[in-house]
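Take a look at the structure set out below.
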Amino acid sequence: SSTSREWIRQPIIVVMGHVDHGKTTLLDKIRGTAVARKEPGEITQHVGASIVPASVLKKIAEPLRKYFPKLQIEIPGLLFIDTPGHELFANLRKRGGSVADMAILVVDVMEGFQPQTVEAINILKEKKVPFVVAANKIDRIEGWKPTPDAPFLETIRNQSQRTINILEEKIYRIAGELYNHGFEAERFDRVRDFRRTVAIIPISAKTGEGVSELLALMTGLVQQFMKKKLVTSSEPAKGVVLEVKEEPGLGTTIDVIIYEGVLKKNDLFIIAGKSKPVVTRVRALLMPRPLQDMRMHEGRFTQVEEVYAATGVKVSAPDLDDALAGSPFYVIPDETRLQDYLKMVSEEVSELRFKVESD
Ligand code: GTP
Ligand code: MG
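Put into structure tokens, the structure is as follows:
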């Protein structure tokens, strides 16, 4: 169309960490729901995406107003991608890492660094994704007296000196591990330069303590350091295929994270296939309800005519059986340019295949 429009999109935040360290619980806490209450040992099987709108961020950050009176929320929200910590799902972590603007590395404060913590750090390093560390499960520290949903800087004042010392020692250990991987790290309230030092935010995903600071800090960092990257316009969509899924009544569908532009019903698009590129048209765009996870249960989709970056969307289209998870997703604006796009995707895919096979 002739009218072009610009907007600031939601930053894409990937949540990574070792199995059971509390990624999904943290996202559930942020969403204010408890959909995924599960037993320890049950593992996250799928990548999900959920948007937390600015209105919710404002509400969560409200208790911090006295510490940061100037905190303004200028972004439309945050788009979170949950990833599984189980060692089998390295491919899902890599896909999450490849589309992320920023990351939260969740570390169980009692367990410290574990194999998939290290694996996640290596992905973030390779993709040059800035991150913060959420030192989770502080409620499990000996003698901890929880104040539900309180800022960390308040709840820490209610703890005994002994409990504070134990926490300090555990954070010191996490900082040491980060140092071994090439990062300077400090508790967030002691960081002077966030471009050089990784912030460690002590939280409890269970009690909600520290979660407001985590969100305020992510919002502040994104607004300070990557606002330019977040400007997008009404151009043809670009994205990444997170998952290829069979859906009852729809056949094979793809779950796509759109990080640029607009995607419309009937748009021509190209993705990588397992044997060759797939060129097809959007038959339907399916969205979960706001604040709901993209790991939707059947019947929870709403059909929409178009979606805007940033978002997760399920795309139904013919010929997706061969679709390759992890593939780039491009709308082809004009059929005369098909050859250019085929070439581009073929080049990206040989590299991608190599990565998929090396998992
Ligand atoms: P995977 O997706 O399988 O990698 O695990 P995860 O990182 O998503 O962990 P999940 O959120 O599923 O939590 C694992 C277990 O830890 C669950 O039993 C949670 O209830 C518990 N848990 C998570 N966060 C906290 C916390 O802050 N405090 C306490 N005490 N338990 C927590
Ligand atoms: Mg999980």
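Be aware that the sequence shown starts at 2, since it is given in full-length UniProt numbering, and climbs by one per residue. Built from N, CA and C at the ideal position, the CB exists for glycine as well.
Note the first and the last residue of the continuous alpha helix (DSSP H) segment covering residue i.
i       : result
Glu-169 : 162-181
Glu-127 : 116-127
Arg-193 : First-last for Arg-193: undefined, no H or E at that position.
Phe-153 : 153-156
Asp-29  : 24-32
Mind checking whether the beta-carbon of residue i lies closer than 8 Å to any heavy atom of the ligand GTP?
i       : result
Leu-72  : no
Ile-139 : yes
Asp-150 : no
Gly-18  : yes
Lys-277 : no
Ser-205 : yes
His-182 : no
Val-15  : no
Val-107 : yes
Asp-21  : yes
Ala-208 : In the sequence as displayed, the identity of residue 208 is Thr instead of Ala. Because some heavy atom of the ligand GTP lies under 8 Å away, the Cβ of Thr-208 counts as near it: yes.
Just curious, the beta strand (DSSP E) that residue i is in, first and last residue?
i       : result
Met-219 : No beta strand (DSSP E) holds Met-219; the alpha helix (DSSP H) holding it covers 212-226.
Ser-59  : A small fix is needed here, since residue 59 is Lys in this sequence, not Ser. Per DSSP, Lys-59 belongs to no beta strand (DSSP E); it is in the alpha helix (DSSP H), 55-62.
Ile-333 : Counting along the chain, Ile-333 falls outside any beta strand (DSSP E), and DSSP gives it neither H nor E.
Ser-234 : 232-234
Ile-9   : 7-9
Thr-281 : 279-282
Ala-91  : Per DSSP, Ala-91 belongs to no beta strand (DSSP E); it is in the alpha helix (DSSP H), 91-100.
Val-134 : 132-137
Val-108 : 103-109
So, for residue i: in the same chain, excluding its five sequence neighbours on each side, which residues have a beta-carbon less than 7 Å away from its beta-carbon?
i       : result
Gly-209 : Lys-30, Pro-149 and Asp-150
Leu-168 : Ile-139, Ile-142 and Pro-203
Trp-145 : Ile-139, Gln-160 and Thr-164
Ser-317 : Leu-251, Thr-254, Arg-284, Ala-285 and Leu-287
Val-130 : Gly-98, Ala-101, Met-103 and Ala-104
Quick check: the Cα distance between residue i and residue j, rounded to an integer number of angstroms?
i           : j       : result
Ala-273     : Val-245 : 12 Å
Arg-188     : Ile-255 : 40 Å
Val-15      : Gly-97  : 6 Å
Glu-247     : Leu-287 : 14 Å
Leu-339     : Ile-172 : 53 Å
residue 369 : Val-241 : Outside the shown range of the chain, which is 2 to 360, sits residue 369, and nothing can be said about it.
Met-219     : Val-279 : 37 Å
Lys-275     : Thr-118 : 30 Å
Ser-51      : Asp-320 : 27 Å
Ala-217     : Ser-351 : 40 Å
Glu-299     : His-22  : For Glu-299, the predicted structure reports a pLDDT of 49, less than 50, and the residue's modelled location is therefore unreliable. A value from the coordinates is still provided. If you take the alpha carbons of Glu-299 and His-22, they lie about 28 Å apart.
Met-17      : Val-110 : 15 Å
Leu-222     : Asp-194 : 11 Å
Ser-205     : Gly-211 : 7 Å
Lys-277     : Gly-78  : 36 Å
Val-283     : Ala-324 : 14 Å
Val-48      : Phe-90  : Confidence at Val-48 is low in this model, with a pLDDT of 48, below 50, so the placement of that residue should be treated as unreliable; the coordinate-derived value is given next. Straight-line Cα distance between these residues: approximately 10 Å.
Ser-5       : Pro-12  : 21 Å
Pro-70      : Ala-55  : 17 Å
Glu-7       : Gln-304 : 24 Å
Tyr-260     : Gly-250 : 28 Å
Gln-162     : Phe-226 : 36 Å
Thr-281     : Leu-243 : 18 Å
Glu-112     : Lys-126 : 22 Å
Could you pull out every residue in the same chain whose Cβ sits closer than 6 Å to the Cβ of residue i, ignoring the five residues on either side in sequence?
i         : result
Gln-224   : Glu-75
Ile-122   : His-182
Leu-292   : The predicted model places Leu-292 with a pLDDT of 47, which falls under 50 and marks its position as unreliable, so this point remains unresolved.
Arg-10    : Leu-231, Thr-233, Ala-310 and Ala-311
His-19    : Gly-86, Gln-115, Gln-117 and Thr-118
Lys-315   : Thr-254, Asp-256 and Leu-287
Asp-322   : Thr-253
Val-332   : Pro-237, Ala-238, Asp-268 and Phe-270
residue 1 : It is not possible to answer for residue 1, since the shown part of the chain is limited to 2 through 360.
Leu-343   : Pro-278
Using a Cβ-based criterion (distance less than 8 Å to any ligand heavy atom), does residue i qualify as near the ligand MG?
i       : result
Pro-77  : no
Thr-25  : yes
Pro-116 : no
Gly-86  : yes
Asp-83  : yes
DSSP puts residue i in a beta bridge; with which residues?
i       : result
Gly-252 : Glu-248
Ile-52  : Leu-80
Tyr-309 : Val-263
Arg-338 : Paired residue(s): none; Arg-338 is not in a bridge.
Pro-237 : Val-263
Thr-303 : Met-288
Going along the chain, which residues of its own chain have a beta-carbon closer than 8 Å to the beta-carbon of residue i, five neighbours each way excluded?
i       : result
Ala-35  : For Ala-35, the predicted model reports a pLDDT of 47, less than 50, meaning its position is unreliable and no value from the coordinates is stated.
Ala-186 : Val-134, Ile-175, Ala-176, Leu-179, Tyr-180, Thr-198, Val-199, Ala-200 and Ile-201
Leu-65  : Leu-72, Pro-152, Ser-213, Glu-214 and Ala-217
Asp-341 : none
Glu-307 : Val-263, Leu-264, Lys-265, Lys-266 and Leu-286
Ser-99  : Lys-128, Val-241 and Gly-327
Kindly say whether residue i, judged by its beta-carbon, lies nearer than 9 Å to any beta-carbon of chain D.
i      : result
Lys-24 : The chain inventory of the structure shown lacks chain D, comprising one protein chain alone.
I'd like to confirm something about residue i: is its beta-carbon nearer than 8 Å to some heavy atom of the ligand NAD, or not?
i       : result
Pro-329 : The ligand NAD is not part of the structure shown, which contains the ligand GTP and the ligand MG as its ligands.
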